[in-house]
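The sequence shown begins at 20 in my numbering and counts up by one.
The beta-carbon is built from N, C-alpha and C at its ideal position, and this holds for glycine as well.
The structure appears right after this line, and notes come after that.
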Amino acid sequence: MRWTVIFATLFPFLAGAARAGGFLKPGDVFPAWSLTDHTGQQVASSELAGKTYLLWYYPKALTPGCTAEGCALRDSYGEFEKLGVVVVGVSFDEPKDNAEFVAKHRFPFRLLSDSKKELAVAVGAADSPGRLWARRISYLVGPDGKVLKAYQNVSPSTHAAEVLADLKALAK
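So this is what it looks like as structure tokens:
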């Protein structure tokens, strides 16, 4: 027991310790945010007020899993648009790294930099600002700013299809 406590204290990112903000649930109000996108522009949650959006956290630009997830979202982007859903990706990467990611894979959506990790901690994508990479999680946020669906266990290759299926089910 003692070693478990020491391990969890020293390595919370490996031990799955409780998050400062915690993972949000459907019905929770998504925190307000303002982050820099891959072009260097500030983007605020207030710009998305009245719209449904998918905010997907990915660990690291230009890595295999993140590329698979981003490309699946890119390939399904037309369906998201038809449903009126804005897609935004978020990582701890700097805007220049996200710009390279967008250019290389021709993503039609914005990639945002949460380099201070404040939003990540608030929504459970990180335990603390000391975490090196974001957890691969996503939130579908409704026009009222409340979480419609929370995705804690994301499969990079099937996540886009999962979200689209959920959007269609929510529309019924």
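Margin query: Let's test the definition: count the other Cβ atoms within 10 Å of the Cβ of E88 and tell me whether it reaches 16, buried, or not, exposed.
Written below: buried
Next item on the list: Take G108 as the anchor and find which of H178, A184, D185, K187 has the nearest alpha-carbon.
Entry: H178
Note to self: Using only the alpha-carbon positions, how far apart do K72 and P83 sit?
What the structure shows: In the sequence as presented, Lys is not what sits at residue 72; that position holds Tyr. C-alpha separation (whole angstroms): 24 Å.
Next item on the list: Round the Cβ separation of W52 and F111 to the nearest angstrom and send it over; I've been treating them as touching at under 8 Å.
Entry: W52 to F111, Cβ: 14 Å. No contact.
Check: Of the choices T86, G149, L74, F120, whose alpha-carbon is the least far from that of V105?
Finding: L74
Next item on the list: Return the Cβ separation of H124 and R154 in integer angstroms, given the expectation that the two are a contact with Cβ distance under 8 Å.
Entry: With 8 Å as the limit, H124 and R154 do not qualify as a contact, their Cβ atoms being about 21 Å apart.
Notebook entry, point to check: Does the segment 174-188 come within contact of the segment 132-151, defined as at least 3 CB pairs closer than 8 Å?
Noted result: no
Margin query: Are the CB atoms of F42 and A145 within a distance shorter than 8 Å?
Written below: no
Next item on the list: Taking all protein chains shown into account, decide if V48 is buried (16 or more other Cβ within 10 angstroms of its Cβ) or exposed.
Entry: exposed
Next item on the list: Run the CB neighbour count on A184, radius 10 Å, all protein chains shown included, and call it buried at 16 or more, exposed below.
Entry: exposed
Margin query: In chain order, what are the residue ranges of uninterrupted beta strand (DSSP E) at least 3 long that sit wholly in the segment 137-170?
Written below: 157-160, 166-170
Note to self: Measuring straight from C-alpha to C-alpha, what distance separates K44 and I156?
What the structure shows: 12 Å
Item checked: For K101, the nearest candidate out of F120, P78, Y76, K70 (CA to CA) -> K70
Check: What residue from V160, G143, V140, A80 has the CA that sits closest to K202's CA?
Finding: This structure cannot speak to residue 202, because the chain is shown only from 20 to 191.
Checklist line | Collapsed DSSP secondary structure at S16 in the structure displayed | finding: The structure shown does not extend to residue 16, since the chain spans only 20 to 191, so no value can be given for it.
Next item on the list: Note down the Cα distance separating L167 from P78, rounded to an integer number of angstroms.
Entry: 23 Å
Margin query: What would DSSP say about Y96, mapped onto helix, strand or coil?
Written below: helix
Check: According to the neighbour-count rule (16 or more other Cβ atoms, all chains shown, within 10 Å of its Cβ), is N117 buried or exposed?
Finding: buried
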